[in-house]
Structure formats: C-alpha cells, structure tokens
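Below you'll find the structure, written out as structure tokens, and then a few comments.
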Amino acid sequence: MDQRRRRRHSSEEGGSGMCPSRTFLLVAVLGCNIVLFVYNFPGLVGVVPSVTQFNSSWLDKKEVSDLLQKLEDRIKRLEQQRSSSGIAPSAPSPSAPAPPAPTKEPKEASQIVPTPATQTTQASETTTAPSTSTSASPPVEPPPPSAPIASLAPDIAVRTREGAGKLHLLSHRSCSQDQSAKCNQGFIKEMASMDKEANTAPEIDERHLYTSLPDELMNDPRWQTHVKPGVRGRGYWFWKAALSRMLLSQGVLQLGDELLYVDADSMGMMKHIIRMRGNHKEDVILAAQPHCEHVWTKGDIFQRFGTTWDSLHYGLTQQPKAQAWLMRLNERTLKLLQIWEGLMTDFHLVSDEPSRNKALDGPWFKRKENRHDQSILSMILKASVAKSGSCKEPDFPCDRLGSKDETAGWQVHPELGVPGLTVKYF
Numbered sequence: 005m006d007q008r009r010r011r012r013h014s015s016e017e018g019g020s021g022m023c024p025s026r027t028f029l030l031v032a033v034l035g036c037n038i039v040l041f042v043y044n045f046p047g048l049v050g051v052v053p054s055v056t057q058f059n060s061s062w063l064d065k066k067e068v069s070d071l072l073q074k075l076e077d078r079i080k081r082l083e084q085q086r087s088s089s090g091i092a093p094s095a096p097s098p099s100a101p102a103p104p105a106p107t108k109e110p111k112e113a114s115q116i117v118p119t120p121a122t123q124t125t126q127a128s129e130t131t132t133a134p135s136t137s138t139s140a141s142p143p144v145e146p147p148p149p150s151a152p153i154a155s156l157a158p159d160i161a162v163r164t165r166e167g168a169g170k171l172h173l174l175s176h177r178s179c180s181q182d183q184s185a186k187c188n189q190g191f192i193k194e195m196a197s198m199d200k201e202a203n204t205a206p207e208i209d210e211r212h213l214y215t216s217l218p219d220e221l222m223n224d225p226r227w228q229t230h231v232k233p234g235v236r237g238r239g240y241w242f243w244k245a246a247l248s249r250m251l252l253s254q255g256v257l258q259l260g261d262e263l264l265y266v267d268a269d270s271m272g273m274m275k276h277i278i279r280m281r282g283n284h285k286e287d288v289i290l291a292a293q294p295h296c297e298h299v300w301t302k303g304d305i306f307q308r309f310g311t312t313w314d315s316l317h318y319g320l321t322q323q324p325k326a327q328a329w330l331m332r333l334n335e336r337t338l339k340l341l342q343i344w345e346g347l348m349t350d351f352h353l354v355s356d357e358p359s360r361n362k363a364l365d366g367p368w369f370k371r372k373e374n375r376h377d378q379s380i381l382s383m384i385l386k387a388s389v390a391k392s393g394s395c396k397e398p399d400f401p402c403d404r405l406g407s408k409d410e411t412a413g414w415q416v417h418p419e420l421g422v423p424g425l426t427v428k429y430f
C-alpha cells in the first residue's frame, strides 16, 4: 500500500513517471540547443525567457510542452522566411568581430647625420632595395636622435692627401687679441718654448702654434659669446675643435694626415704620444685618468646625451684628459671633430654656468666643477666606444663602476656617437 502511494506521488510530481531531476536535465539540454539556434536567428531573442524564469514551475510537463511547441512553430516560420530570401544562417560568434586596424600613413625619413661614403652606400643598398613580397615586414626605423641634428657643426669640404700623410702639431695660448697685453706675455713665451721643443721631434712635419685667435673664429657668430673679454680659457677651450676644423676647411689638414694637439703646459706628453703613434693604429690616442665622469661633468651634459650621472657607461667611468691627443684624420675623426665643435657652440653647456636643473648633477659634482671641452670630448668618445675604463677619485670616496659591466646595454649614440671609431687610452 505504501509502495503504490509512493509510485502515484512520484508520477504526479514528475509526470509520466519521470523524476524532477531527469526533467530538469532534459530542459537544460533543450535549452542549450535553443540558445545556440537563437544566436543564428536574432529574431528569436524576444521569445526565449530570461534565466530567472527557469524555476520550479518549468518542471510541469504541460507548460514545457506548450513552450516547446511554440518555439518549434516559430522556428519553422523563420526557416521558411530565410529559405525564401536565400539568406543562410551565420555561424555563432560569442563576441562581435574586432574592427579592422587603422591604416598607418608612411613616416617621412628621419634626418640622419652624414656618414662616411662607404657606409652610406652600403646602407642605401640595404634599405632601399625594392621588396618583391607584399607580406614582408617594413624595415625597422632607427631610434630618433635626442636633439635636432642642426645643433651640430656644418659639413666642410675636405681634401685628401696625395702620397704620405703629414704629422701636424697644433696648440694655442692667449688671453686676448692684444699681443702686447701683460697677460699674453707668458703665453707667448710658452708657445716659443713649444716651438723649440718641436725642433727635437723630426716626426713633426708642420706646426700651427697660435698666440691669438684667427679672425675667422673671432668673426664667426657662433663664437661671439665665447670670445668676449675675460671668458675663461678664451671661450672654455672651444678653439681646440674649431681650429682643427678651420685648418681642415682651408686644406692645410687633409685626410690621411695626423693631428697632434698639445697644451703648452703639457709639452712632456708630446714625444710620448709620438712614440705611441708608431705602436698603435687606433683613430684617437689620449691619456686616461682616475677621475670619475660624474664628478667633473655637469648634469646638463648628461641630459644632452640622453643619460644620467649614475650611468654605468657614461657616469661611473673615467674621464680622459683633453690636454694632449692624437687623431688620425679619416672619416670617423672628421665626424668626431664635427660633433665636438657643434656641442661647443652651446655656451651654457660648456661653461661654468650651473645646470638649469641641478637635480641632474651627481651628488659629488658640487665639490668639483665642469671640465668644459674635456667633458664634451669624453662623452663623445663614450657615445662612440663601448669601453672607457673604471675610475676612482683619489680625494674622496664616491660611487664607482667597481666590478659592474659598463658595456651592458650600451650602443652607439644615434646622434652624438661615431660608428666604428677606435680609441687607445694610455
């Protein structure tokens, strides 16, 4: 009796002897198929009930049957409409298709500093060859320079020496254009001493020893602030690069020659560099020193090179001396002199004026001072050559390179570096 009552009760709840769980499973399966079909036929969205309507009342067989019958009738009508219009149902898509990527306009070619003719030819053969594949990736553009190329010195016409090159000695010492000025008397004597010392070095072919600045530099608008009376170093020693390029433009210095610069108070280095010249073939030969770059170069110069005082490569390495050096005149050293002269035209950059943003200075810089032409030359060499060497300030402890690798992540500076330049420090 109890068993018959339980069977009848089960039949009344589930309908046709079907338990509620099986009925719900059937409805769920049918619902999934219906949802998929509805995605193919957007017109059915309004017919399907919301999820909140799937409650216990759906377990009633009659309501389920009525709903399914209604859906079947609607589906048949839509199929007839689509077949008569020739429209095939689209595949279901869970999300709308992404809009097409906007077409980028081709960029104009970046202005590039002129490079040696052989390098220019090779680059043009590589980058301008027509592509035969429409799917090829566009060439990677070089990184933009940190400042406009126009800030560099203009190009000059340079002659090439026929036959053996010459060794030229260059120096300058003066306090004004007035040769009779008291401050010039000692400088004139120093130049006379250097001339006498050069007589003992038969390797030197020509000497260019100045006791005043040539009119060509004095009248150049780029140097009007530098050459004002009383400016330190007759313009913070801008004339080292400017005299070199002036002699090149005049044809006195030519490609294939060698240029030896020596300060009048550093004559002892003259013969040493001449001896090294025979044993080393690097483009530039100059003396290293233990002093750290970030102690002797102001923050604005680091910023101009797109770096910071604590850079492993630029700031925490030694700053070489600019009081005596040898350059073999070729396309690379011509570019070096062009960059050097161009940066020297920025009076603020090379002067003793404090950095416009003192936060860019290294913490030890305030104890020392900017090194003007030497700071600029040092930074150009570091922008061109991977390794400069570690430093150690003899006067006080400061941040140093130590065992860290200064070449990590380094590359030739796109504007202020000279690709392929070689340097010998001694």
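Quick note: the sequence shown uses my numbering, first residue 5, plus one each step.
Note that beta-carbon positions come from the ideal geometry of N, C-alpha and C, so glycine has one too.
Just grab the DSSP bridge partners of residue i for me.
i: isoleucine 289; result: Leu330, Lys428
i: glutamine 322; result: Cys296
i: threonine 164; result: Leu259
Note down the Cα distance separating residue i from residue j, rounded to an integer number of angstroms.
i: glycine 303; j: proline 324; result: 18 Å
i: histidine 276; j: histidine 212; result: 19 Å
i: serine 175; j: arginine 360; result: 32 Å
i: glutamate 166; j: leucine 259; result: 9 Å
i: valine 162; j: glutamine 254; result: 8 Å
i: aspartate 409; j: glutamine 322; result: 14 Å
i: leucine 364; j: valine 354; result: 15 Å
i: leucine 290; j: leucine 381; result: 11 Å
i: phenylalanine 306; j: serine 379; result: 10 Å
i: threonine 204; j: serine 315; result: 43 Å
i: glutamate 220; j: isoleucine 278; result: 30 Å
i: glycine 319; j: glutamine 327; result: 20 Å
i: glycine 413; j: glutamate 345; result: 28 Å
i: glutamate 207; j: tryptophan 313; result: 41 Å
i: arginine 177; j: glutamate 397; result: 29 Å
i: valine 231; j: alanine 268; result: 20 Å
i: histidine 317; j: leucine 252; result: 32 Å
i: valine 256; j: threonine 411; result: 38 Å
i: alanine 246; j: serine 394; result: 30 Å
i: alanine 168; j: arginine 281; result: 15 Å
i: threonine 311; j: methionine 198; result: 39 Å
i: tryptophan 437; j: threonine 349; result: Outside the shown range of the chain, which is 5 to 430, sits residue 437, and nothing can be said about it.
i: histidine 172; j: serine 248; result: 10 Å
i: methionine 271; j: glutamate 357; result: 30 Å
i: phenylalanine 369; j: proline 294; result: 15 Å
i: alanine 185; j: asparagine 374; result: 28 Å
i: proline 367; j: alanine 157; result: 32 Å
In the DSSP assignment, find the alpha helix (DSSP H) that holds residue i and state where it starts and stops.
i: serine 388; result: 376-388
i: glutamate 262; result: Glutamate 262 -> not in any alpha helix (DSSP H); beta strand (DSSP E) instead, spanning 262-266.
i: histidine 176; result: Counting along the chain, histidine 176 falls outside any alpha helix (DSSP H), though it belongs to the beta strand (DSSP E) covering 171-176.
i: alanine 196; result: 186-202
i: phenylalanine 351; result: 351-354
i: phenylalanine 369; result: Note, phenylalanine 369: premise wrong, no alpha helix (DSSP H); not H, not E.
i: histidine 417; result: Histidine 417 -> no alpha helix (DSSP H), and no H or E assigned at all.
i: methionine 280; result: 272-283
i: alanine 245; result: 243-253
i: aspartate 432; result: Because the chain here runs from 5 to 430, residue 432 falls outside it and cannot be looked at.
i: phenylalanine 306; result: 303-308
i: tryptophan 344; result: 335-348
i: glycine 237; result: 237-240
Report all residues from its chain with a CB closer than 7 Å to the CB of residue i; omit the five preceding and five following residues, and keep chain order.
i: proline 147; result: Per-residue confidence for proline 147 stands at a pLDDT of 36, beneath the threshold of 50, marking its modelled position as unreliable; the derived number appears in the next sentence. So the list reads Pro418, once near-sequence residues are dropped.
i: leucine 420; result: Phe309, Ile343, Ile384, Ala387
i: tryptophan 329; result: Tyr265, Val288, Ile289, Leu290
i: serine 216; result: Ser178, Gln181, Gln183
i: lysine 391; result: Glu410, Thr411
i: tryptophan 243; result: His176, Leu217, Leu221
Under the assumption that residue i contacts residue j (Cβ atoms under 8 Å), give the Cβ distance between them as a whole number of angstroms.
i: histidine 376; j: glycine 237; result: 7 Å
i: leucine 333; j: glutamate 262; result: 7 Å
i: lysine 170; j: glutamate 201; result: Between glutamate 201 and lysine 170 the Cβ distance is about 18 Å, and since that is not below 8 Å, they are no contact.
i: alanine 292; j: phenylalanine 430; result: 7 Å
i: leucine 347; j: valine 389; result: With 8 Å as the limit, leucine 347 and valine 389 do not qualify as a contact, their Cβ atoms being about 17 Å apart.
Ends of the beta strand (DSSP E) at residue i?
i: glutamate 210; result: 210-214
Leaving out five residues before and five after residue i in sequence, what residues of the same chain have Cβ atoms less than 6 Å from its Cβ?
i: lysine 428; result: His284, Glu286, Ile289
i: threonine 337; result: Asp287, Met331
i: lysine 372; result: Val299, Trp300
i: aspartate 182; result: none
i: cysteine 179; result: Cys187, Asn188
i: glutamate 194; result: Arg177, Ala268
i: proline 423; result: Val416
i: tyrosine 240; result: Val354, Ser355, His376
i: methionine 274; result: Val266
i: threonine 229; result: Phe351
Please find out if some non-hydrogen atom of the ligand ZN comes closer than 7 Å to the beta-carbon of residue i.
i: alanine 196; result: Among the components of this structure there are no ligands whatsoever, and the ligand ZN is therefore not found.
Which residues in the same chain as residue i place their Cβ atom closer than 8 Å to its Cβ, once the five residues preceding and following it in sequence are excluded?
i: methionine 1; result: With the chain covering 5 to 430 only, the question about residue 1 has no answer from this structure.
i: lysine 362; result: Gly303
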